[in-house]
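Peer 1:
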Amino acid sequence: RTLSLNHLVREGAVDVAHAIDLDVVTSCADAIAAHARVLVIPWIPHVGMKPGPEDLATWVTRVPALRRLDDEGRILWYDLRTARTQRGGFPIVQAQYFSAEAALSLLALAGARVVRSLGVDGGTAYSKAFDDIAPTTRLANRHATFDLQFRVIARTIMATRVDYAPL
-5 RTLSLNHLVR EGAVDVAHAI DLDVVTSCAD AIAAHARVLV IPWIPHVGMK PGPEDLATWV
55 TRVPALRRLD DEGRILWYDL RTARTQRGGF PIVQAQYFSA EAALSLLALA GARVVRSLGV
115 DGGTAYSKAF DDIAPTTRLA NRHATFDLQF RVIARTIMAT RVDYAPL
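Per my numbering, the very first residue in the sequence shown carries number -5; after that it's consecutive.
Pasting the structure below:
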């Protein structure tokens, strides 16, 4: 099974496209529609790198790409730890710095026991395939390095015993 983070969905077919930020959904709307079986997004998506002002139910009425996916039954949502409120009754998905943290948390909560990643490697650079978005998205949350994500990933591994490693 495959799960893409953010703009990676542009590169080809995946089972699940994951995005925390609403701008990823709007900028990748055609790719998500064409390449992903489902979109997984927080109940309170981020806007401008922080929890947004509206919940997913409201965004579905305002964002045509979300409306289409919702009409097709292709949206799954979760409560993200960063949100000011939780919808409740479900486990809270952990993420502090980057979306890979939430993706691993989601997979572990869903029962995955073995997870292998490509491109979740720390540092400060993107793959050349993302040169077009790097100036506006790379480390846009003002963290100095992607290495920070490994703190939260380690906590998820310890809490869930998921077998996580780079492919």
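Cβ atoms here follow ideal geometry from the backbone N, Cα and C, with glycine treated the same way.
For clarity, every value in this text was computed on a predicted model and none was experimentally measured.
Between which two residues does the alpha helix (DSSP H) containing Trp71 stretch?
Peer 2: First-last for Trp71: Ile69 to Leu74, but that is the beta strand (DSSP E), not the alpha helix (DSSP H).
Peer 1: Count the other CB atoms within 10 Å of the CB of Leu16; is the residue buried (16 or more) or exposed (fewer)?
Peer 2: buried
Peer 1: Here's a check: name, in chain order, each residue in its chain whose Cβ is nearer than 8 Å to the Cβ of Trp37, leaving out the five neighbours to either side.
Peer 2: Asp49, Leu50, Trp71, Tyr72, Asp73, Leu74, Ala77, Gln80 and Arg81
Peer 1: Distance, Cα to Cα, Asp9 vs Val146?
Peer 2: 24 Å
Peer 1: So, using beta-carbon positions, are Leu(-3) and Ala97 closer together than 8 Å?
Peer 2: yes
Peer 1: Does Val18 pass the burial test, meaning 16 or more other C-beta atoms within 10 Å, or should it be called exposed?
Peer 2: buried
Peer 1: Could you round the C-beta distance between Ile69 and Val41 to whole angstroms and report it? I think they count as a contact, below 8 Å.
Peer 2: 17 Å between Cβ atoms; not a contact.
Peer 1: Please classify Arg4 as buried or exposed, where buried requires at least 16 neighbouring CB atoms within 10 angstroms.
Peer 2: buried
Peer 1: What residues in its chain sit with their C-beta under 6 Å from that of Val87, if we drop five residues either side in the sequence?
Peer 2: Tyr72, Leu74, Ala96, Ser99 and Leu100
Peer 1: Measuring CA to CA, which of Pro58, Ser111, Arg62 and Phe84 is closest to Val156?
Peer 2: Ser111
Peer 1: Name the two residues that bound the continuous alpha helix (DSSP H) containing Arg107.
Peer 2: Counting along the chain, Arg107 falls outside any alpha helix (DSSP H), and DSSP gives it neither H nor E.
Peer 1: Give me the DSSP bridge partner(s) of Val41.
Peer 2: As a beta-bridge residue in DSSP terms, Val41 pairs with Lys44.
Peer 1: Does Ala114 pass the burial test, meaning 16 or more other C-beta atoms within 10 Å, or should it be called exposed?
Peer 2: Checking the displayed sequence, the identity of residue 114 turns out to be Val instead of Ala. The residue is buried, with at least 16 neighbouring Cβ atoms inside 10 Å.
Peer 1: How long is the line joining the alpha carbons of Ala59 and Gly105, rounded to whole angstroms?
Peer 2: 29 Å
Peer 1: With burial defined as no fewer than 16 other Cβ atoms inside 10 Å of the residue's Cβ, what is the status of Phe92: buried or exposed?
Peer 2: buried
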